[in-house]
Amino acid sequence: MQKILVANRGEIALRIMRTIRKMGIKSVAVFSEADRNAPHVLFADEAVFLGPAPSALSYLDGEKIIAFAKKLGVDGIHPGYGFLSENADFAQKAAEAGINFIGPDPAAMRVMGSKLAAKECVKQFNIPMVPGTDQAIEDIAPAKAIAAKIGYPLLIKASAGGGGKGMRVVEKEADLEEQMQRATSEAKSSFGDGAVFIEKYISSPRHIEIQVLADKYGNVVHLFERECSIQRRHQKVVEESPSTILTPELRKAMGAAAVMVARSCNYTSTGTVEFLLDDQLNFYFLEMNTRLQVEHPVTEMITGKDLVEEQIKIARGEPLDFTQDDLSINGHSIELRVYAEDPLNNFLPSIGTLTTYIKPAGEGVRVDDGYEEGMAIPIYYDPMIAKLVTHGKDRLDALQKMKTAIEEYNIEGLFTTLPFGKFVFEHAAFLSGKFDTHFIQDHYTPEKLKEKQKQNAELASIIALKYWLNAQKEIMIVETVPSNWKNRRS
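All residue numbers for the sequence shown refer to our numbering, where the first residue is 484 and numbers rise by one.
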């Protein structure tokens, strides 16, 4: 590949382009009206204007993107995550235009893009799955029959899509019909498909995902797990690797299961197999994400592998140059997604201008971002500003670096999730490793965050006063020391 178009924006577009440049390949950025002066546009070797800010008129216009790619002589398209990254039709059309789609084969994307089809595909490997429906439904009658069979609580999930949309927990039969209507309506509006499936709700699960890499020659490896249990609105906020709860035996078993899931659909490229882990350490296959994950940096930090580089190598037909036995976990990594959201107001988006934007730096600190000081956060896209990632020799070291980095990260002009991250990383449940996907529900309220901030402010005042008093003592000591200087006259 000589030239790659990155069909995305923000931090992920910039992150991908850095690897493209490192590999000696030319990059092409695409941008909407809202992103005209964005860092990814300025960093690229070439840039193409797509249109107005709304995604449907810009970053989701696959035909326009492919047309520009052909015009500019592009031989590879990297979709990043979100937007067109899991759109099998887009991948197919790119291939038909003679452009290498840097991702999995469209057939594998279609299978794993449907949660029901994915479960049917992996059945042959006897991988544990949560009890539930075998086919998509939209009507209440079959929903009631299934609920009677598997019992409450249960979970209604959109068959197509993710990100927490079209998902409802139903605690009792009286709520089923209303929640079913809401789930199908949201699924229809978000994905154009109102079909849902129903499964038994695991009440206190851990969300564990396994990163896989597969080339075009049948070689498949896993790059260990990511702990993704701390979420808001069913979307991840904090990730880390390795997980504190996995034993070596369980890690090996889940890794082997993830590899089998990838093999079941002849998967190639990077992919992530998601599992739920119950309080008895039983794991259940959830779904497969057929793209580069937002949280991939934590895996890169503990393995030393550049996952974007591996994607590009696989796409251009190179075999993996390492085996499972070559991979090992080096230290510990933690990631905080820094969103333009107000954690004191139910994580509502906080759109505004970055009047001050100063990033932390230092050994073991990584910031993947797509904004600079003075830029506005557009209302049209996901409000993530950056991913703050740390790496240390162990969890305690990575955690200390994270706390320091949060203190050094200076963002003004809008609210962010940095205070929430500080709250999480100081909480006893996180420190002990004893938490699940209900961390926010069980441990967090805006009032608790306010109280924590008040305590931190009082502690900072006490420390500042102590330093001031010590400084005053030193000044007094210096002032009372007699001088040895004398003015001698000859």
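Just so you know, even glycine gets a beta-carbon here, dropped at the ideal spot from N, CA and C.
Anyone know if the C-beta pair for GLU682 and LEU729 falls short of 7 Å? no
Beta-ladder partner(s) of LEU637, from DSSP: VAL653 and LYS683
Per-residue DSSP class, three states only, for THR755: strand
Helix, strand or coil: how does DSSP classify ALA619 here? coil
Can you have a look at SER973 and say buried or exposed, based on whether 16 or more other CB atoms are within 10 angstroms of its CB? Confidence is the limiting factor: at SER973 the pLDDT is only 46, short of 50, which leaves the residue's position unreliable, though a coordinate-based value still follows. SER973 comes out exposed.
Can you tell me whether DSSP reads TYR864 as helix, strand or coil? Residue state, collapsed to three classes: coil.
Between which two residues does the beta strand (DSSP E) holding GLY675 run? Where GLY675 is concerned, there is no enclosing beta strand (DSSP E), given that its DSSP letter is neither H nor E.
State the DSSP-derived secondary structure class of SER973, mapped to helix, strand or coil. Any reading at SER973 is ruled out, since the residue's pLDDT is 46, under 50, leaving its predicted position unreliable.
Distance, ALA490 Cα to GLY904 Cα: Straight-line Cα distance between these residues: approximately 30 Å.
What three-state label does DSSP hand SER538 in the structure shown? helix
May I have the straight-line CA-CA distance separating ILE610 from THR920, to the nearest angstrom? 22 Å
Does LYS796 pass the burial test, meaning 16 or more other C-beta atoms within 10 Å, or should it be called exposed? Its Cβ being crowded by 16 or more others within 10 Å, LYS796 is buried.
Top-ranked residue by Cα proximity to ILE685, from ASP762, PRO625 and VAL744: Minimum Cα distance to ILE685 is reached at ASP762.
Per-residue DSSP class, three states only, for SER668: helix
Cβ distance (whole Å) where ASP852 is taken to contact ILE868 below 8 Å: 6 Å
Status (buried if at least 16 other CB within 10 Å, exposed otherwise) for GLY800: GLY800 is exposed by the Cβ-count criterion.
How about ARG753 and LEU769: are their beta carbons less than 7 Å apart? It should be pointed out that residue 753 corresponds to Thr in this sequence rather than to Arg. It is not a contact, given that the beta carbons lie outside the stated cut-off.
Can the beta-carbon of LEU897 be found closer than 7 Å to that of SER833? yes
On a CA-only basis, which of LYS598, LEU706 and VAL872 is nearest LYS884? Give me that one, please. Out of LYS598, LEU706 and VAL872, VAL872 has the C-alpha closest to the C-alpha of LYS884.
Span of the alpha helix (DSSP H) around ILE728: First-last for ILE728: undefined, no H or E at that position.
Beta strand (DSSP E) containing PHE526: first to last residue? Taken as a continuous stretch (DSSP letters only), PHE526 belongs to no beta strand (DSSP E), being part of the alpha helix (DSSP H) at 522–526.
Are the region 729–738 and the region 572–587 in contact at 8 Å, needing three or more beta carbon pairs? no
Taking 7 Å as the threshold (C-beta atoms), are GLU722 and GLU818 in contact? yes
ASN491 - DSSP class collapsed to helix/strand/coil: coil
Integer-rounded CB distance, given that HIS874 should sit under 8 Å from MET1034: Nothing in the structure corresponds to residue 1034, since the chain is present only between 484 and 973.
Proximity below 7 Å, CB of ALA577 to CB of ILE560: yes
Would you decide whether GLY847 is buried or exposed? Buried here means 16 or more other CB atoms lie within 10 Å of its CB. buried
Distance check for GLY586 and ILE623, CA to CA, integer angstroms please. 37 Å
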